[in-house]
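Engineer: This is the structure I want to talk about, given as structure tokens.
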Amino acid sequence: MEKTPEDVLKEIFEEYKDQGLVSLYLYGSILTPDYKEGESDIDSIGFVNEDMPLALENEIKNKLCEKSGFDKFGFRFLYKSELDTGVVKGNLGSFIHPQLLLLDFPYWKHVAGKIFSRSDFSLKDIGATEAVKIRLDHLVRMENGSFKTHPGEKHILFSKVLARIMYHLQQERGSVGPFSYSSVLQNANEEEKVIAQAILDCKKSKWDEAVFEENLALYNSYIDALNVRFA
């Protein structure tokens, strides 16, 4: 029988638990109706001891891909101190603010090792409004070049951050549940609907840059309005 992502993660945990791997979680699209087996990325997080070398992150990611036979099996370290202090130590925190990670934490799925609860982390909670401000800052940093992305992937990250901003705005209005592109479209107001549909179309095109460019003026107009609103 084919191994599930959980099976593979459990194997990895047994292999690395004595080297500082504390626990493993799944998060992201694999836990939503948007997930398409064999197409969608699989995203996983490993809580690790403070002294576990960051260099092992790629080693574990490569083994996850090899063991699963799926080359889009993502993996990132998360040091507990990042969720206690907000001080970034690993790669994940450099892309997703630790307070944003905590906002999503209730929707992660524990797979192996220690089970954490929200009370285990000292960083204060933030609301949807503060989350929007952090995401808007990400977009500004992408524009000025201080938010590093891989060549050719800037428009993908831009789209994902913009979709997350709408998700937080919808949380502010009372929507609940994990992030997914389909739920963002479903919960969209009239202003958001055209943006959400454009992002979903770009995603369906496998993030074709030409499809993204067709709607860039629309995105920028929406972001300009948000920057005024949340100034």
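Note that the sequence shown covers residues 127 to 357 in our numbering. Glycine included, C-beta positions come from ideal geometry on N, C-alpha and C. Just so you know, these numbers come straight off a predicted model, no measurement behind them.
May I have the straight-line CA-CA distance separating R355 from K259, to the nearest angstrom?
Structural biologist: 10 Å
Engineer: Just list the beta strand (DSSP E) runs in the segment 265-351, keeping only unbroken ones of 3 residues or longer that don't cross its boundaries, in chain order.
Structural biologist: none
Engineer: Pull up the distance between the alpha-carbon of M178 and that of S306, whole angstroms please.
Structural biologist: Cα atoms of M178 and S306: separation of roughly 32 Å, rounded to the nearest angstrom.
Engineer: Can you give me the Cβ contacts of I156 inside the same chain, cut-off strictly under 6 Å, excluding the 5 residues immediately before and after it?
Structural biologist: I168
Engineer: Is the Cβ-Cβ distance between L147 and F139 less than 8 Å?
Structural biologist: yes
Engineer: Bridge partners for H236 per DSSP, in chain order?
Structural biologist: Y151
Engineer: Kindly identify the DSSP beta-bridge partner or partners of R202.
Structural biologist: I171
Engineer: For the alpha helix (DSSP H) holding P131, just list the boundary residues, first then last.
Structural biologist: P131 to Y142
Engineer: Do you know whose CA, among A254, A324 and N217, lies nearest S88's CA?
Structural biologist: Because the chain spans 127 through 357 in this model, residue 88 falls outside it and cannot be assessed.
Engineer: Hey, out of D197, E256, S245 and L182, whose CA is closest to F203's CA?
Structural biologist: L182
Engineer: Skipping 5 residues on each side, what residues in its chain have a beta carbon closer than 7 Å to that of H223?
Structural biologist: I260
Engineer: Could you pull the start and end residues of the alpha helix (DSSP H) that K187 belongs to?
Structural biologist: It spans L182 to S194 - the alpha helix (DSSP H) in which K187 sits, taken as one unbroken run.
Engineer: Please state the DSSP three-state secondary structure of K250.
Structural biologist: coil
Engineer: Within 10 Å of its beta-carbon, does S194 have 16 or more other beta-carbons around it, so buried, or fewer, so exposed?
Structural biologist: buried
Engineer: Mark I186 as exposed unless 16 or more other C-beta atoms lie within 10 angstroms of its C-beta, in which case mark it buried.
Structural biologist: buried
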